[in-house]
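So the structure is just underneath, and the comments pick up after that.
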Amino acid sequence: MKIWTTEHIFSHPWETVVQAVWQKYPNPMNPAVVGVDVVDRRVTKGVLKTHRLISTKWGLPSSVTKVLGADRMFYASEHSVVDPVKKSMILMSKNITFCKEVSIVEKMTYSPHPSKEDCTIVKQKAEVTIHGIPLSSYLEGFITGKISVNSSKGKQGMEWVITKINKDVQELTSKTVKSMDDLVHLSGEPLTNFSFRK
C-alpha cells in the first residue's frame, strides 16, 4: 500500500470553492476526466449528500494495460457530504474499474482556513493498494504519481472555474444594473418613487 497526501490553500471563500467543485469538469487543465454523472442527490437535515460516477482516461502506458488487461477508460464512485452550517465538504471516491486488483481510495476535505480570512484549505489523501499483480510496488508508485500530477492539474482547473464563476457573476451584475437603469430611464422617475403592491 502507498499513501499520498497533500494540502492546498485557495485564496477564495469556502462557498466559492465548493461551488467550483460542482463545476470543475470539464476544464482544459485536466482533460483526463471525461464525464461526471449524478447517480443520487438528496438533502437530509440541511446536509447535501451526492453520489456521482466519474469517468476518466488515465493514459496508462501499454505495458501497464497489458498487465491489467483492459482499455484506458476508468470509472470511480464518488460520495460527497456538504454541510453549509459547519462549512464542511467531504468527498470520498473509490475506483470501480479493476477494484479487485487495484484499490484507489481518495478523500478530500474542504473547510475554511482556520487563520486566513476568505481562504479555503483542501486536504487530499489517497491510498493505493495492488492485489495479486506482478510489479505491485511499481504500479502503486505509478498510480500515486498520476494522482499527484492530476491533483496539480485539478488545482489549476479549480482556479480556472473560480475565475469563470466570478466573471459570470460580474456580467450578470452589470446586466442587472443596466436593466434597472433602463427601467428608471423609461419611467422618468427615480426607482425610489415606485411602490409595489402585495
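The numbering of the sequence shown is full-length UniProt numbering, which starts it at 1 and goes up by one. All C-beta atoms, glycine included, are put in the ideal place defined by N, C-alpha and C. Because the structure is a prediction, the values reported are computed rather than measured.
Taking all protein chains shown into account, residue 170 has fewer than 16 neighbouring C-beta atoms within 10 Å of its C-beta and is therefore exposed.
When beta bridges are read from the DSSP output, residue 131 appears opposite no residue. Residue 145 and residue 103 have their C-alpha atoms roughly 15 Å apart. Around the beta carbon of residue 176, fewer than 16 other beta carbons sit within 10 angstroms, so the residue counts as exposed. Between the alpha carbons of residue 23 and residue 57 lies a gap of roughly 19 Å. For residue 17, the enclosing alpha helix (DSSP H) covers residues 14-22. With contacts defined as CB atoms closer than 8 Å, residue 124 and residue 6 qualify as a contacting pair. Scanning the segment 25-113 from its first residue to its last, the whole alpha helix (DSSP H) runs of 4-plus residues come out as 62-68.
Looking from the CA of residue 8, the closest CA among 162, 119, 168 belongs to 119.
At a Cβ-Cβ threshold of 8 Å, residue 79 and residue 89 do not count as neighbours. Exclusion of the five residues before and after residue 141 leaves 2 as the residues of its chain whose Cβ lies within less than 8 Å of its Cβ. For residue 7, the uninterrupted beta strand (DSSP E) segment begins and ends at 2-10. Taking C-beta separations shorter than 8 Å and ignoring five residues to either side along the sequence, the partners of residue 165 in its chain run 16, 19, 20, 23, following chain order. One Cα belongs to residue 39, the other to residue 51, and the distance between them is close to 5 Å. By the Cβ neighbour-count rule, residue 157 is buried, with 16 or more other Cβ atoms within 10 Å of its own. For residue 75, same chain residues with a beta-carbon under 8 Å away, outside a window of 5 residues either side, are 53, 54, 55, 56, 95, 96, 97 in chain order. Leaving aside the five residues that flank residue 160 on each side, the residues in its chain whose CB is nearer than 8 Å to its CB run, in chain order, 27, 28, 29.
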